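First up is the structure itself, then whatever we jot down about it.
Protein chains in written order, with this note's numbering: chain U, 596 to 706; chain F, 141 to 253.
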């Protein structure tokens, strides 16, 4: 069973517009969430995180929103740039000290 | 800067061969992890370790083993490689559990023929 789901395998956005990446999770006990970005042939790099005591965290062009009642997480990128084209993974710290990842969403930002 | 180094970027092995993937981190992190990445499946945890000589199974440990003899080094072993183990393998380390970020190496692309 997939505890963390990213239902959109890909997303295409025009440069300068907003990119919204979504993530759903199953366990209401999860309390710390992260987003990672991955370029081809490189390891994932940490982007932004949020604790369950907050509903929003912002870092420059990146904002993560947490809706605990819906068990839903989203990442907003405004404005989107071609260099943002990558695969984005959401992740959550689960039981037993495991960081559980979603399937990833491939973002393509077109000039 | 945290550096996680994986010994081989690309490997090609034959079915049945024993394969060693080495990972070294230079930040004195307690925790180390091995994931594999496959299209449509995301990153799946194979094994992790919170201390020297300690190991815990992740979600897909079958066909793999690990070794952590020193704090900075975490090795993934495929005892008898099979074609379904063709994948991108990612090592990571972290100083903390439950709230910290993981720092990843660049990955090792393994092809088993």
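Ideal placement from N, C-alpha and C gives every residue a C-beta, glycine not left out.
In this text, all values refer to a predicted model and were calculated from it rather than measured experimentally.
> Does the distance from the CB of residue 707 of chain U to the CB of residue 182 of chain F come in under 7 Å?
Replying inline: One cannot answer for residue 707 of chain U here, as it falls past the ends of chain U, which runs 596 to 706.
>> Could you compute how far the alpha carbon of residue 739 of chain U sits from the alpha carbon of residue 670 of chain U?
In response: Absent from the model: residue 739 of chain U. The displayed extent of chain U is 596 to 706, so no value can be given.
>> So residue 241 of chain F contacts chain U; which residues on that side make the cut at Cβ distance below 8 Å?
In response: 629, 641, 644
> How about residue 240 of chain F and residue 163 of chain F: do their beta carbons lie closer than 7 Å?
Replying inline: no
>> So, for residue 703 of chain U: in the same chain, excluding its five sequence neighbours on each side, which residues have a beta-carbon less than 6 Å away from its beta-carbon?
In response: 607, 680
> Counting along the chain, where does the beta strand (DSSP E) carrying residue 214 of chain F start and finish?
Replying inline: 213 to 218
> Is residue 684 of chain U buried or exposed, if buried means 16 or more other CB atoms sit within 10 Å of its CB?
Replying inline: Its Cβ being crowded by 16 or more others within 10 Å, residue 684 of chain U is buried.
> In its own chain, which residues sit with a C-beta less than 6 Å from the C-beta of residue 646 of chain U, not counting the 5 before and 5 after it?
Replying inline: Contacts found: 627.
> From residue 249 of chain F to residue 226 of chain F, what does the alpha carbon distance come to, in whole angstroms?
Replying inline: 8 Å
> Which same chain residues, not among the five before or five after residue 210 of chain F, have their C-beta less than 7 Å away from its C-beta?
Replying inline: 192
>> Could you compute how far the alpha carbon of residue 613 of chain U sits from the alpha carbon of residue 658 of chain U?
In response: 11 Å
> What are the boundary residues of the beta strand (DSSP E) that includes residue 97 of chain F?
Replying inline: In this structure chain F extends from 141 to 253, so residue 97 of chain F is not present and cannot be described.
> On the premise that residue 151 of chain F lies in contact with residue 144 of chain F, defined as a C-beta separation below 8 Å, what is that separation, rounded to the nearest angstrom?
Replying inline: Residue 144 of chain F to residue 151 of chain F, Cβ: 18 Å. No contact.
> Relative to the alpha-carbon of residue 753 of chain U, which residue among U/667, U/640, U/706 has its alpha-carbon at the smallest distance?
Replying inline: Nothing can be reported for residue 753 of chain U: it is not among the residues displayed for chain U, which extend from 596 to 706.
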